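S.K.: Start counting the sequence shown at 1; every next residue gets the next number (full-length UniProt numbering). Please find one structure pasted underneath; my questions will follow.
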Amino acid sequence: MEKKTLNEIRKNKIETYFKKIDSVIFDDEYFDLYAEDVEMYYPKFGFEKGKQGIKNFGTVIGKHLEKLTHDIQNFRYTFSDTVIVVEGNEKGVTRSGKEWPDNHTSFGKFCNVFEFDGELIKRVHIYVDPDFTSEDTERLAIFRNDSGKQNSVPSTRDVVEEFYDLQFGRKEGNIVDLFADYVDWDLPGNKDKFPWTGKRETREEIELFFQELYNNIQSESFTIDFISVEGENAAVAGQLSSRILKYDKVFSTEFVVIFKVINGKIVKYHFLEDSYKLNEEMK
């Protein structure tokens, strides 16, 4: 028998995850899919940790849904190191007897991000509209533009996504225009060795940052695992690899970026990476 690759094993684990959920079978096999310190996230619900956290979420979602079915056969998988992203369609019935999606204002689209430790799920972040039956009339009116007017102020998520579109050339424009006149900016590091690090406040200083950054490093890879938004605040997590030109060495690290957006402008930008590792490796 041909030995399965690790990605094939992980994909099978994901399929089992969805089959168990659809069948409402939360047995030992289901909980054995997870690492002991698993982290999960669901919109409006928030974060939970550990297998007990998985049980807590199941109790909450079970109070709302009578039935849930995923179109497992037509899932789209994206593999990246220990992360597997699953895009697909789902349908169901609420406890009040309403079927969804209606394919008019709700479409049953979802995306799950799984991160593995070996063969075990260590993180599952679920991205879906929890308003399954489109009863959130205020938000529906906004998105359907029932008032005939468009909101001219972009959302926090829109600003963050545009920031990365501009930074990586997916969109034309001046990235500095996304920032307010005064910004709480911090990228901790040894400024004597790495001039792009440190605190900044003005748009002129931020413009200088991008000049210094592009003059001193060459991006090898930059992967965003997820963007989490709560009102004016956003957190972006991922991994990057950059060649530090002065030392001709590649530096790899996980990162977290903290944004705060007010009236469509970035007023806070804190970039957190392993600055100690950077300082030690570049000699």
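Backbone N, C-alpha and C fix where the C-beta goes; we use that ideal spot for every residue, glycine too. Computed from a predicted model, the values in this text were never measured in an experiment.
Do Lys51 and Val38 come within 8 Å of each other at the CB atom, strictly closer than that value?
M.R.: The answer is yes: Cβ separation under 8 Å.
S.K.: State the start and end residues of the unbroken alpha helix (DSSP H) segment that holds Glu280.
M.R.: Note, Glu280: alpha helix (DSSP H), 275 to 281.
S.K.: Per DSSP, what are the beta-bridge partners of Ala35 in this structure?
M.R.: Answer is none; Ala35 lacks a bridge partner.
S.K.: If you check the beta carbons only, do Tyr41 and Ile126 fall under 8 Å apart?
M.R.: Their beta carbons are under 8 Å apart, which means Tyr41 touches Ile126 by this criterion.
S.K.: Would the region 235 to 246 count as touching the region 210 to 220 if we require 3 or more Cβ pairs under 8 Å?
M.R.: These segments touch.
S.K.: How many Å lie between Tyr164 and Tyr214 at the Cα?
M.R.: Cα to Cα, the separation comes out at about 15 Å.
S.K.: Since Val124 is in the beta strand (DSSP E), which residue starts that stretch and which ends it?
M.R.: Run containing Val124: 120 to 127, per the beta strand (DSSP E) assignment.
S.K.: Looking at the structure shown, is Ile25 part of a helix, part of a strand, or coil, going by DSSP?
M.R.: Ile25: coil per DSSP, three-state reduction.
S.K.: Based on the DSSP output, what are the partners of Ile258 in its beta bridges?
M.R.: BP columns for Ile258 point to Ala235, His270.
S.K.: Assuming Leu68 contacts Gly92 under a Cβ cut-off of 8 Å, what Cβ separation, rounded to an integer in Å, is found between them?
M.R.: Indeed, because the Cβ distance is near 4 Å, the residues count as touching under 8 Å.
S.K.: Look at the alpha carbon of Lys249 and the alpha carbon of Leu278, and state the distance between them as a whole number of angstroms.
M.R.: Going from the Cα of Lys249 to the Cα of Leu278 covers about 10 Å.
S.K.: Whole angstroms is fine: what's the gap from Asn263's alpha carbon to Ala180's?
M.R.: So the two alpha carbons sit approximately 9 Å from each other.
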